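Comments concern the structure below.
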Amino acid sequence: MKVAPHCPMYGEVVVGEVTDTPGVGDLSQFKRNPFVVKEGAKYRIKLIFRVQREGVSGLRYFEAVYRKGIRVDKANFMVGSYRPKTEEHIFQSPVDELPAGLLGRGDYIVKSKFTDDDKNIYLEWEWSFSVKRDWE
């Protein structure tokens, strides 16, 4: 995991129908401990971060979703421009839907990163989840 000191990330929460919400905490744990989601569930990603020392212009969130080493989806969201302040910022992605059916079930790895307009990478991390038929 790569982190820029003036834009630390505090947590990532998947909001929606999940059995074991990962919650806020150490981002490195999310890759080792995949959480279970039911196929076809609607969800959104909520990112909590703070901007320190220098302002950030054109902050973007990128994610690429992989299954068995093959990229199956990618997303790019404009988060915004922020100046330094002590309060945390919260970004929520638009609502999305998980795959459903026999081919949609399985384990997924997501590679996420925060960049700005100048292509500076503020944070890179990986996390994983499993799509299952039921909440088992």
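Okay, so the sequence shown: first residue is 57 according to the working numbering, each after it adds one.
For each residue, glycine too, the CB sits at the ideal point set by N, CA and C.
As the structure is a prediction and not an experimental result, all values here were calculated from the model.
Spatial neighbours of residue i in its chain, beta-carbon cut-off 6 Å, leaving aside the 5 residues before and after
| i | result |
| --- | --- |
| Ser186 | Pro90, Val92, Asp163 |
| Val121 | Val128, Asp129, Tyr164, Val166 |
| Ala131 | Glu119 |
Unbroken alpha helix (DSSP H) run spanning residue i, endpoints
| i | result |
| --- | --- |
| Arg88 | 85-88 |
Beta-carbon proximity check, residue i vs residue j, cutoff 8 Å
| i | j | result |
| --- | --- | --- |
| Lys98 | Glu153 | yes |
| Val128 | Leu115 | no |
| Arg189 | Arg161 | yes |
| Ala156 | Glu119 | no |
| Ile104 | Glu143 | no |
Close-in-space but distant-in-sequence residues of the same chain around residue i (CB under 7 Å, 5 per side omitted)
| i | result |
| --- | --- |
| Phe133 | Arg116, Tyr117, Ser149 |
First through last residue of the beta strand (DSSP E) which encompasses residue i
| i | result |
| --- | --- |
| Val2 | This structure does not reach residue 2, given that the chain is present from 57 up to 192, and the question cannot be answered. |
Pick out the complete beta strand (DSSP E) segments inside the segment 149-189, 3 residues or longer, and give them in chain order. 162-171, 177-188
Minimum length 3: unbroken beta strand (DSSP E) runs contained in the segment 111-153: 112-123, 126-138, 145-148
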